[in-house]
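Novice: Just so you know, the sequences run in chain order W and L.
In case it helps, this note's numbering puts the first sequence at residues 1 to 155.
In case it helps, this note's numbering puts the second sequence at residues 1001 to 1207.
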Amino acid sequence: MKQQAADAAPGQAARAAWMRVLALASPAELDRACAGLGALPAHRWLRRPETGMAMVRARSGGDGGRFNLGEMTLTRCTVALEDGPVGVAYVQGRDARHAEQAALLDGLLQLPAWHERVREGVIAPLARAREERLSRQSAQDAATRVEFFTMVRGE
Amino acid sequence: MLLSTQAGRAPASGYVPQPGYDDPVAGAQSAFRAALHALAHPGTPVRTAPPRGVPPGLSPAMTALLLTLADADTPLWLPPGTDRATLGYLRFHCASPMADDPAEARFVAVPAGAAPPPLAACRQGEPAYPDRSATLLLEVQSLTAGRAVTLRGPGIAARAPLAAAGLPGDFWRQWRDNHGRFPLGVDVLLTCGDQLCGLPRTTLVEE
């Protein structure tokens, strides 16, 4: 799998990065960002949003044997834009609208005519919003941090 | 529903698959019902609701059966030389692994104009698990305008006629051998346009 990913087109890493931003965005933020885009090109749904389970697999310590970590709920969706590209989304949870919007934006980002506009209008603000959310959260967590330590017992 | 994220991803650039069913659950349920009815009444043509998109080379009935039956756990065999767009469609919607050898496949789909493998070359099941056999989906030119044979067996009151056109010349001889391997053996679904017709391994044929 890893080898396949490395051999794929060089654009793959960039696409994976924006798909990650779209999947991790909060539905409300995504909604707002989409509203600013205006009329979208014609598209047809190859796979309407469908919710199911996927097995998440992991390796102990990052390099041990692979094991099944557990199942997660996810919603996936695939859309074909009129001009050719296919947009795909796999989103955690059961929010069909989130999956639809993420798939559409993935498709638009593959269109040269839309790429810059979507990247600056949607992806950058969403990535910023997520970063702010994470740093706010970690600041809150840091304020309540407790250090555990044990005095060495004198023998 | 268990989603397979390994396969079933969008195809690499180049072509775009057709959509499948508008409502995958209701569509697959109705096609499954049709397949059950066809296998319960061997020799009787049953109509299926066609999916919205049908890939090149496949009939609506065969597409409906594949969308309904094939998934990530059922290796699928198609004749060599099948259209890339057809393979892409099946990979996208069914996520089935493609078998190189019909003996490894759970479903063997043979579109119009291609030669099916011998029935004996497909998976026959195991004595303890006869259900681990292959099901063949064979496209025929007609279910009513070919050379007539008479069917007997479970699901048929007395005798049922079947006049399929476009089967290989020695199909009915192969079918008798297949019946002789009972409880092992393959099951066949003949498809033609939007119709299908069941031939479970229990069915006897008289020419």
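Even glycine gets a Cβ: it sits at the ideal position worked out from N, Cα and C.
Everything numeric in this text was worked out from a predicted model, so none of it was measured.
Looking at the structure shown, is residue 21 of chain W part of a helix, part of a strand, or coil, going by DSSP?
Specialist: Residue numbering aside, residue 21 of chain W sits at position 21 when the first sequence is read from its first letter. Of the three classes helix, strand and coil, the one that applies to residue 21 of chain W here is helix, per DSSP.
Novice: For the putative contact between residue 86 of chain W and residue 99 of chain W, defined by C-beta atoms under 8 Å, what is the C-beta separation to the nearest angstrom?
Specialist: The residue given as residue 86 of chain W occupies position 86 in the first sequence. The residue given as residue 99 of chain W occupies position 99 in the first sequence. Not really, about 14 Å apart at Cβ, beyond 8 Å.
Novice: Starting from the beta carbon of residue 1019 of chain L, find every residue of chain W whose beta carbon is closer than 7 Å, and list them in chain order.
Specialist: Start at 1 with the first residue of the second sequence, and residue 1019 of chain L comes out as number 19. Per Cβ cutoff of 7 Å: 44, 45, 46.
Novice: With 7 Å as the threshold, decide whether the Cβ of residue 124 of chain W is near any Cβ in chain L.
Specialist: Mapped onto the first sequence, residue 124 of chain W falls at position 124. Residue 124 of chain W does not count as touching chain L.
Novice: State yes or no: is the beta carbon of residue 160 of chain W nearer than 7 Å to at least one beta carbon in chain L?
Specialist: No answer is possible for residue 160 of chain W: the residues shown for chain W start at 1 and end at 155.
Novice: With a cut-off of 8 Å, do at least 3 Cβ pairs link the segment 1181-1190 of chain L to the segment 1124-1133 of chain L?
Specialist: A contact exists between the segment 1181-1190 of chain L and the segment 1124-1133 of chain L.
Novice: Pull up the CB-CB distance for residue 1059 of chain L and residue 1075 of chain L, whole angstroms please, since I reckon it's below 8 Å.
Specialist: Locating residue 1059 of chain L in the second sequence gives position 59, counting from the first residue. Locating residue 1075 of chain L in the second sequence gives position 75, counting from the first residue. No, residue 1059 of chain L and residue 1075 of chain L are not in contact; Cβ-Cβ is about 22 Å, not under 8 Å.
Novice: Answer with buried or exposed for residue 163 of chain W, where buried requires no fewer than 16 other C-beta atoms within 10 angstroms of its C-beta.
Specialist: Only positions 1 to 155 of chain W appear in the structure, and residue 163 of chain W is not among them; the question remains open.
Novice: Against residue 1024 of chain L, what residues of chain W qualify as contacts under a CB-to-CB distance less than 9 Å, listed in chain order?
Specialist: Locating residue 1024 of chain L in the second sequence gives position 24, counting from the first residue. Those within 9 Å of residue 1024 of chain L in chain W are 47, 48, 50.
Novice: Just checking my contact of residue 1061 of chain L with residue 1144 of chain L at CB under 8 Å: how many whole Å lie between their CB atoms?
Specialist: As a position in the second sequence, residue 1061 of chain L is number 61, starting the count at 1. As a position in the second sequence, residue 1144 of chain L is number 144, starting the count at 1. No, residue 1061 of chain L and residue 1144 of chain L are not in contact; Cβ-Cβ is about 15 Å, not under 8 Å.
Novice: Among the candidates W:130, W:117, W:134, W:133, whose CA atom is the shortest distance from the CA of residue 39 of chain W?
Specialist: The count along the first sequence starts at 1 and reaches residue 39 of chain W at position 39. Closest option to residue 39 of chain W, Cα to Cα, is W:117.
Novice: Using the Cα positions of residue 76 of chain W and residue 1035 of chain L, report the straight-line distance between them to the nearest angstrom.
Specialist: Locating residue 76 of chain W in the first sequence gives position 76, where the first residue counts as 1. Locating residue 1035 of chain L in the second sequence gives position 35, where the first residue counts as 1. Answer to the nearest angstrom: the Cα atoms are 28 Å apart.
Novice: Count the other C-beta atoms from every protein chain shown that fall within 10 angstroms of the C-beta of residue 150 of chain W, then say buried if there are 16 or more, exposed otherwise.
Specialist: For this step, residue 150 of chain W is matched to residue 150 along the first sequence. So residue 150 of chain W ends up on the exposed side.
Novice: Determine the direct distance from the alpha carbon of residue 22 of chain W to that of residue 16 of chain W, and round the result to whole angstroms.
Specialist: Looking up residue 16 of chain W in the first sequence gives position 16. Looking up residue 22 of chain W in the first sequence gives position 22. Rounded to the nearest angstrom, the two C-alpha atoms are 10 Å apart.
Novice: Quick one: which unbroken alpha helix (DSSP H) runs of 4-plus residues sit fully inside the segment 61-132 of chain W? Chain order, please.
Specialist: The qualifying runs are 96-109, 112-118.
Novice: According to DSSP, is residue 2 of chain W part of a helix, a strand, or is it coil?
Specialist: Translated into positions along the first sequence, residue 2 of chain W becomes position 2. Because the pLDDT of residue 2 of chain W is 41, which lies under 50, any placement of that residue in the model is unreliable, and the number read from its coordinates should be weighed accordingly. In this structure, residue 2 of chain W counts as helix in the three-state DSSP scheme.
Novice: Can you find a C-beta in chain L that's less than 7 Å from the C-beta of residue 16 of chain W?
Specialist: Here residue 16 of chain W refers to the residue found at position 16 of the first sequence. For residue 16 of chain W, the answer is no, since every Cβ of chain L falls outside 7 Å of its Cβ.
Novice: Three or more C-beta pairs under 8 Å: does that hold for the segment 1063-1074 of chain L against the segment 1084-1096 of chain L?
Specialist: The answer is yes - the segment 1084-1096 of chain L touches the segment 1063-1074 of chain L, with three or more Cβ pairs under 8 Å.
Novice: Could you tell me which chain W residues have their CB closer than 9 Å to the CB of residue 1205 of chain L, listed as they occur along the chain?
Specialist: Within the second sequence, residue 1205 of chain L is the residue found at index 205, counting from 1. Within 9 Å Cβ-Cβ: nothing; residue 1205 of chain L doesn't reach chain W, min ~41 Å.
Novice: Would DSSP call residue 1161 of chain L helix, strand or coil?
Specialist: Counting from one through the second sequence, the residue named residue 1161 of chain L turns up at place 161. In the structure shown, residue 1161 of chain L sits in a strand (DSSP, three-state: E or B).
Novice: Could you tell me the alpha carbon to alpha carbon distance between residue 1136 of chain L and residue 1054 of chain L, rounded to whole angstroms?
Specialist: Taking the second sequence and counting its residues from 1, one reaches residue 1136 of chain L at position 136. Taking the second sequence and counting its residues from 1, one reaches residue 1054 of chain L at position 54. The straight-line gap from Cα to Cα measures roughly 19 Å.
Novice: For residue 1124 of chain L, does the three-state DSSP call read helix, strand or coil?
Specialist: Working through the second sequence from its first residue, we reach residue 1124 of chain L at position 124. The answer is strand: DSSP assigns residue 1124 of chain L an E or B state.
Novice: In three-state DSSP terms, what is residue 54 of chain W?
Specialist: The sequence position of residue 54 of chain W within the first sequence is 54, counting from 1. Residue 54 of chain W: strand per DSSP, three-state reduction.
Novice: Consider the Cβ of residue 113 of chain W: report whether some Cβ of chain L lies at a distance smaller than 7 Å.
Specialist: Translated into positions along the first sequence, residue 113 of chain W becomes position 113. Cβ-Cβ to chain L under 7 Å: no for residue 113 of chain W.
Novice: Would the beta-carbon of residue 1190 of chain L be found less than 6 Å away from any heavy atom of the ligand ATP?
Specialist: The ligand ATP is not among the ligands present in this structure, which contains no ligands whatsoever.
Novice: Figure out for me which residue from W:73, W:121, W:20 has the closest Cα to the Cα of residue 55 of chain W.
Specialist: Mapped onto the first sequence, residue 55 of chain W falls at position 55. Residue 55 of chain W has its Cα closest to that of W:73, out of W:73, W:121, W:20.
Novice: Do we get a CB-CB distance below 7 Å when we pair residue 1007 of chain L with the residues of chain W?
Specialist: By 1-based counting over the second sequence, the position of residue 1007 of chain L is 7. Interpretation of residue 1007 of chain L is limited by its pLDDT of 42, a score under 50 that renders its predicted location unreliable; the figure taken from the coordinates is listed afterwards. Cβ-Cβ to chain W under 7 Å: no for residue 1007 of chain L.
Novice: At a CB-CB cut-off below 8 Å, which residues of chain W make contact with residue 1054 of chain L?
Specialist: Counting from one through the second sequence, the residue named residue 1054 of chain L turns up at place 54. Near residue 1054 of chain L there are no residues of chain W at all, since even the closest Cβ is about 14 Å away, more than 8 Å.
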